[in-house]
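When you number the sequence shown by this note's numbering, it's gap-free, plus one each residue, and the end is 522. Using N, Cα and C, we set each Cβ at its ideal position, and we do this for glycine too. Note that the coordinates shown come from a computational prediction; the quantities given were computed from them, not determined experimentally. Note sheet for the following structure.
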Amino acid sequence: MRIAAADVVVTSPTRNFVTLKLTTDDGVTGLGDATLNGRELAVAAYLREHVAALLIGRDPARIEDTWQYLYRGAYWRRGPVTMAAIAAVDMALWDIKGKVCGVPVYQLLGGASREGLLAYGHASGTSFESLGESINMHLEKGYRAIRVQSSIPGVHAVYGVAAQAQASGERYDYEPAGRGAAPAQEDWDSAAYLRHVPKVFDYVRREFGPELPLLHDAHHRLRPIEAAKLGKSLEPHNLFWLEDCTPAESQQALRLVRQHTVTPLAIGEVFNTVWDFQQLISEQLIDYVRAASTHFGGITPLRKLMDFAAQYQIRSGFHGPTDVSPVGLAAQLHLGLAIHNFGIQEYMPHSEQTDVVFRQSMSFTDGMLHPGETPGLGVTLDEEAAARYPYQPAYLPISRLKDGTMHDW
Ligand code: EZ4
Ligand code: CO
């Protein structure tokens, strides 16, 4: 069996997705997610101009060798564009192997280690009251773990807070990337944030009790000493995790945070390779790995990362926003079901339009995700529906301090 065609499909059913479709000479197809939010066409071009032709005629069964061929063969290593492109090829090859063998991909990865994957949903509010409503809505839908984000008095627009009409709707598809020719601007004030967040969790624990697993995302906004302070101030509220408390490109920065707080830490949604995690894992500076299969080179390297993390009792918390397509989500559901050190899976339901373009075998029941039993990844792409939604420029916002200084986003 040989790879006969490699096609890149760009579609925008409420948001942009880049999908690689491989077809074998026997007519078996495999899908891979190559979506890089706000830089989608760079990955589409990488695949179309530099990868597609190299795949034609290759044996689709050789997943590891193809991964190494694209990673080592390019000479230029790492980086989000390269690794998203390689991820798409890797996922599509696992999809093909599953279909050829007649089994869901998780069976190829060692079989199920659990019955389903604990998922967390995104609650947010512009006031305590609306936050409470949003949490209640999620509990009614069955979520058993909740990420809590809140507006900050004095800060005009804040990461992770959905407009109320969306937050209370059946599907809110909160999407920080706004459509348009340039990024929207948000503002930021770390001091105001550090004063307010403990009050938010005071309120949530008072209303919802001590048992509900709660998560929070600081979205790379804090300096290490501020992150340490936040972790310490949230200790009475017993968070499941504090996410991206400080940018971690400088991995040793986490030593300072870790010395001051026992609030569990999750990091890495913007990371691409094991090298970004090497110190974080080997020094046990984090508790959860946030990598996404789509931005980490696919299932093959993410599985190796999780085996490395397992030696340090570090668990998975794979990134699952709506900019990870249903194909990328499926890839990490299969992996999460199979690995021993699964922790939790982020889950934001895709929009109805997205669910028409991508048909999924996965299920969400009583707060638990399952990839389903369809051979391969369990996702099909309706190319006619995809063609009805052409690419539209969209950018993640930028963030500035009151004096105009650019801040981390
Ligand atoms: O900002 O997916 O935890 N989730 C997040 C996301 C990211 C977007 C970036 O594309 O931080 O909302
Ligand atoms: Co995040």
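Contact under 7 Å by Cβ, residue i with residue j
i    : j    : result
F431 : Q458 : yes
A232 : L482 : yes
P510 : P296 : yes
T148 : D436 : yes
A258 : I248 : no
T136 : M114 : no
L418 : V387 : yes
L327 : L352 : yes
V202 : H447 : no
G480 : Y256 : yes
H453 : S226 : yes
A341 : V370 : yes
G234 : H251 : yes
V261 : A499 : no
A443 : V492 : yes
Residue i CB to nearest heavy atom of the ligand EZ4 below 6 Å
i    : result
D436 : yes
N385 : no
N150 : yes
Through-space distance from residue j to residue i, alpha-carbon basis
i    : j    : result
R185 : R191 : 10 Å
R175 : A200 : 15 Å
E320 : C214 : 50 Å
T179 : L221 : 17 Å
E396 : A117 : 45 Å
D516 : I338 : 22 Å
E382 : D357 : 8 Å
F471 : S346 : 42 Å
S406 : G433 : 10 Å
R501 : V317 : 42 Å
D521 : A157 : 26 Å
K312 : Y401 : 25 Å
Q426 : W354 : 15 Å
V375 : E348 : 7 Å
C152 : G223 : Note that residue 152 is Arg in the sequence shown, not Cys. If you take the alpha carbons of R152 and G223, they lie about 34 Å apart.
V216 : F455 : 21 Å
L343 : R428 : 22 Å
H333 : M204 : 29 Å
L154 : A304 : 37 Å
D495 : A423 : 38 Å
F130 : T467 : 9 Å
V469 : T487 : 18 Å
Check: residue i C-beta below 6 Å from any heavy atom of the ligand CO
i    : result
E382 : yes
E459 : no
D539 : The structure shown does not extend to residue 539, since the chain is modelled only from 114 through 522, so no value can be given for it.
Sequence-distant residues of its chain with Cβ nearer than 6 Å to residue i (five each side left out)
i    : result
Y306 : I265
I399 : L378, I380, L393
D208 : G143, L144, G489, L490
L244 : G238, S263
S512 : E299, W301, H520, W522
H350 : F314, R318
H163 : none
A294 : P506
beta-carbon residue i near the ligand SAM non-hydrogen atom, thresh 6 Å
i    : result
D330 : This structure simply doesn't include the ligand SAM; it includes the ligand EZ4 and the ligand CO instead.
Distance between beta carbons of residue j and residue i, contact taken as under 8 Å
i    : j    : result
L133 : L160 : 6 Å
A270 : E242 : Not a contact, Cβ separation roughly 19 Å.
P503 : S125 : 6 Å
A507 : G291 : 6 Å
S474 : D146 : Contact flag wrong, Cβ pair sits at about 15 Å.
Residues near residue i by beta carbon distance below 8 Å, same chain, minus five either side
i    : result
F409 : M196, A200, F384, N385, T386, L415, L418
A366 : P337, T359, P360
T478 : G229, G255
L514 : D300, W301, D302, H520
Own chain partners of residue i with C-beta closer than 7 Å, once the 5 adjacent residues on each side are dropped
i    : result
V141 : I209, K212, V213
D330 : R260, Q262, G273, E356, D357
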